[in-house]
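Undergrad: Okay, so the sequence shown: first residue is 1082 according to our numbering, each after it adds one. Where a beta carbon is used, it is the ideal one built from N, C-alpha and C, also for glycine.
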Amino acid sequence: MKLYAAPLQGFTEAAWRNLHSEIFEGIDCYVTPFIRMEKGTIRSKDIRDIEKKNNSVQHLIPQLIAASPEEFVPLVEFLVSHGYDEVDINMGCSFALQVRKCHGAGLLPHPDKIEVLMRATEKFPEISFSVKMRLGWDRKDEWRNVLPILNGTKLSRITLHPRLGSEQYRVAADCEEFARFYEDCRHPLVYNGDLTTIEQMNKIAERFPRLEGMMMGRGLLADPALAREYKEQRVFSHGEKASLIAKFHQKFYDIMSPRLQGNTQFLSKFKPYWEYLLPDMEKRDRKAIQKASNVEKYLAAVNSALARY
């Protein structure tokens, strides 16, 4: 069972991926947050994130988001020019700004557009394409019009997050609808959604034995050791996790702090990780981290929280 790290905008950038692979281990493949065309070009930050000189993980797949061949083709050409032979296509993003452009999950109600997009993959026979998707945008049966198109396309895998785009993360993943997709899917399939414990992962693996793998997103942000825990079938002690997270945090700080200007940029980058990280942490410790008004207070709060964890 392969373990994939999900692409999460603003979180799983190159520095995070490199350090996670080095310190926590357990992930077989990392997928980058999507790159996109913006006013006819690709953002500099997206370029930096996928450049191979900035990535040290063993297996990295870049992801793109597009609604038409006009967007899709130059993005693939760009990735080919940077030495990639695998590309993941995002059909799951639920951000309103992207959905309004028929990007991500906003593409799922339009099988005609998906068919045109899938035909564009034929221009790149040297590329192994995969798709990450949801069940639909606002109806759980939308995948039924999409999957026949994907089944007829040469793909290396499909990753399914069994929620609607309109639901974002407000409801539980729908394993019953995933089971229906699982039966009809002709490609290797990866499960994504609500994987936060070894027990949950074992249940998914047992129920769906033909899975190629599982993709971990917010669960990996909450417990960065979870992939390794699953592979070793043991839960790390609080002391083990605190030690690894302290090491990770220090290295992440050393890499990121020179790039961030002042307290505002620094805190807006670092604090969001603690919305997920160690959910069983004492509430007072999490509150102290979130209330920190400058870098010094933030670091003191983090050190205190990890010492007590």
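1. Mind checking who residue 1119 pairs with in its DSSP beta bridge?
2. Using the three-state DSSP reduction, which class does residue 1184 fall into: helix, strand or coil?
3. So, helix, strand or coil for residue 1206, using DSSP?
4. How would you write the range of the beta strand (DSSP E) that residue 1171 sits in, first residue to last?
5. Return the Cβ separation of residue 1175 and residue 1246 in integer angstroms, given the expectation that the two are a contact with Cβ distance under 8 Å.
6. Which residue wins for smallest C-alpha separation from residue 1123, given the options 1157, 1085, 1141, 1302?
7. Considering Cα atoms alone, identify which of 1390, 1184, 1302, 1188 is closest to residue 1089.
8. Under 8 Å Cβ to Cβ from residue 1291, same chain only, skipping five residues before and after it: list those, please.
9. Could you give the residue range of the alpha helix (DSSP H) that holds residue 1110?
10. Please return the same chain residues whose Cβ sits closer than 8 Å to the Cβ of residue 1207, not counting the five positions on each side in sequence.
11. Just the C-alpha distance for residue 1215 and residue 1134, rounded to the nearest angstrom, thanks.
12. Going by alpha carbons, who is nearest to residue 1259 out of 1347, 1159, 1342, 1223?
13. Closer than 7 Å to a non-hydrogen atom of the ligand ATP - does that hold for the CB of residue 1096?
14. On the DSSP bridge list, what partners appear for residue 1144?
15. Any chance you could list the alpha helix (DSSP H) runs of at least 4 consecutive residues sitting entirely within the region 1280 to 1363, in chain order?
16. Between residue 1336 and the rest of its own chain, which residues show a CB-CB distance below 6 Å, the 5 nearest in sequence each way excluded?
17. Where does residue 1101 fall in DSSP's three states?
18. By Cβ distance below 7 Å, which residues in the same chain neighbour residue 1376 in space, the five residues on each side in sequence not counted?
19. What residues are listed by DSSP as bridge partners for residue 1242?
20. Quick check on the burial criterion: 16 or more other C-beta atoms within 10 angstroms. Buried or exposed for residue 1339?
21. Between 1209, 1230, 1210, which lies nearest to residue 1190 when the distance is taken from Cα to Cα?
22. Pull up the CB-CB distance for residue 1180 and residue 1173, whole angstroms please, since I reckon it's below 8 Å.
23. So is residue 1360 buried or exposed if we call it buried at 16+ other beta carbons inside 10 Å?
24. For the pair the region 1273 to 1292 and the region 1307 to 1314, tell me if three or more CB-CB distances fall below 8 Å.
25. What does DSSP give as the partner residues of residue 1271 in its beta bridges?
26. For residue 1083, which residues of its own chain have a beta-carbon under 7 Å away from its beta-carbon, when the five flanking residues on both sides are left out?
27. Within the continuous beta strand (DSSP E) that includes residue 1379, where are the two ends?
28. Could you tell me whether the Cβ of residue 1188 comes closer than 8 Å to any Cβ of chain D?
29. Please name the residue, chosen from 1092, 1238, 1106, that lies closest to residue 1130 on a Cα-to-Cα basis.
30. Between residue 1249 and residue 1274, what straight-line distance do the alpha-carbon atoms span, to the nearest angstrom?
31. Are the beta-carbon atoms of residue 1213 and residue 1234 separated by less than 8 Å?
32. With H, G and I counted as helix, E and B as strand and the rest as coil, what does DSSP make of residue 1254?
TA: Checking against the coordinates, here is how it stands:
1. On the sequence shown, residue 1119 is found 38 positions in, with the first residue counted as 1. Bridge partners of residue 1119: 1122.
2. One-based indexing of the sequence shown puts residue 1184 at position 103. DSSP, reduced to helix, strand and coil, places residue 1184 outside both helices and strands of the structure shown, so it counts as coil.
3. Walking along the sequence shown from the start, residue 1206 turns up at place 125. Residue 1206: coil per DSSP, three-state reduction.
4. On the sequence shown, position 90 is the one that residue 1171 refers to. Here the beta strand (DSSP E) through residue 1171 covers 1167 to 1172.
5. The residue given as residue 1175 occupies position 94 in the sequence shown. The residue given as residue 1246 occupies position 165 in the sequence shown. Going by Cβ atoms, the distance from residue 1175 to residue 1246 rounds to 4 Å, so yes, they are a contact pair.
6. The sequence position of residue 1123 within the sequence shown is 42, counting from 1. Ranking the options by Cα distance to residue 1123, first place goes to 1157.
7. On the sequence shown, position 8 is the one that residue 1089 refers to. The shortest C-alpha separation from residue 1089 is found at 1302.
8. By one-based count along the sequence shown, residue 1291 stands at place 210. 1263, 1270.
9. Taking the sequence shown and counting its residues from 1, the one referred to as residue 1110 is at position 29. No alpha helix (DSSP H) contains residue 1110, which is instead part of the beta strand (DSSP E) from 1110 to 1112.
10. Position 126 of the sequence shown holds residue 1207. Same-chain partners within the cutoff: 1161, 1166.
11. Numbered from 1 along the sequence shown, position 134 holds the residue referred to as residue 1215. Numbered from 1 along the sequence shown, position 53 holds the residue referred to as residue 1134. Spanning the two alpha carbons is a distance of roughly 32 Å.
12. Looking up residue 1259 in the sequence shown gives position 178. Comparing Cα positions, the closest option is 1223.
13. Absent from the structure shown: the ligand ATP. Ligands present: none.
14. Along the sequence shown, one-based indexing puts residue 1144 at 63. According to DSSP, residue 1144 bridges with 1169.
15. 1299 to 1303, 1307 to 1313, 1319 to 1337, 1343 to 1351
16. Translated into positions along the sequence shown, residue 1336 becomes position 255. If we look at residue 1336 and ignore the five residues flanking it on each side, its Cβ neighbours are 1096.
17. Working through the sequence shown from its first residue, we reach residue 1101 at position 20. Residue 1101 falls in the helix class under three-state DSSP.
18. Taking the first residue of the sequence shown as 1, we reach residue 1376 at position 295. Answer for residue 1376: 1344, 1347, listed in chain order.
19. Indexing the sequence shown from 1 puts residue 1242 at position 161. Residue 1242 pairs with 1215.
20. For the purposes of this step, residue 1339 is taken as the residue at position 258 of the sequence shown. So residue 1339 ends up on the exposed side.
21. As a working note, residue 1190 is residue 109 in the sequence shown. Answer by Cα proximity: 1230.
22. The count along the sequence shown starts at 1 and reaches residue 1180 at position 99. The count along the sequence shown starts at 1 and reaches residue 1173 at position 92. 11 Å between Cβ atoms; not a contact.
23. As a first step, residue 1360 must be located in the sequence shown, where it is residue number 279. Classification for residue 1360: exposed.
24. At 8 Å Cβ cutoff, the stretches touch.
25. Looking up residue 1271 in the sequence shown gives position 190. For residue 1271, which the question treats as bridged, DSSP gives the partners 1240, 1294.
26. By one-based count along the sequence shown, residue 1083 stands at place 2. Excluding positions up to five away in sequence, the list reads 1109, 1110, 1293, 1294.
27. Numbered from 1 along the sequence shown, position 298 holds the residue referred to as residue 1379. Taken as a continuous stretch (DSSP letters only), residue 1379 belongs to no beta strand (DSSP E), being part of the alpha helix (DSSP H) at 1376 to 1389.
28. Here chain D cannot be found, since the structure has a single protein chain.
29. Within the sequence shown, numbered from 1, the residue matching residue 1130 stands at position 49. Closest by alpha carbon: 1092.
30. Numbered from 1 along the sequence shown, position 168 holds the residue referred to as residue 1249. Numbered from 1 along the sequence shown, position 193 holds the residue referred to as residue 1274. In a straight line, the C-alpha of residue 1249 is about 11 Å away from that of residue 1274.
31. Numbered from 1 along the sequence shown, position 132 holds the residue referred to as residue 1213. Numbered from 1 along the sequence shown, position 153 holds the residue referred to as residue 1234. No; because the gap between Cβ atoms is not below 8 Å, this pair is not in contact.
32. Numbered from 1 along the sequence shown, position 173 holds the residue referred to as residue 1254. Coil at residue 1254, not helix or strand.
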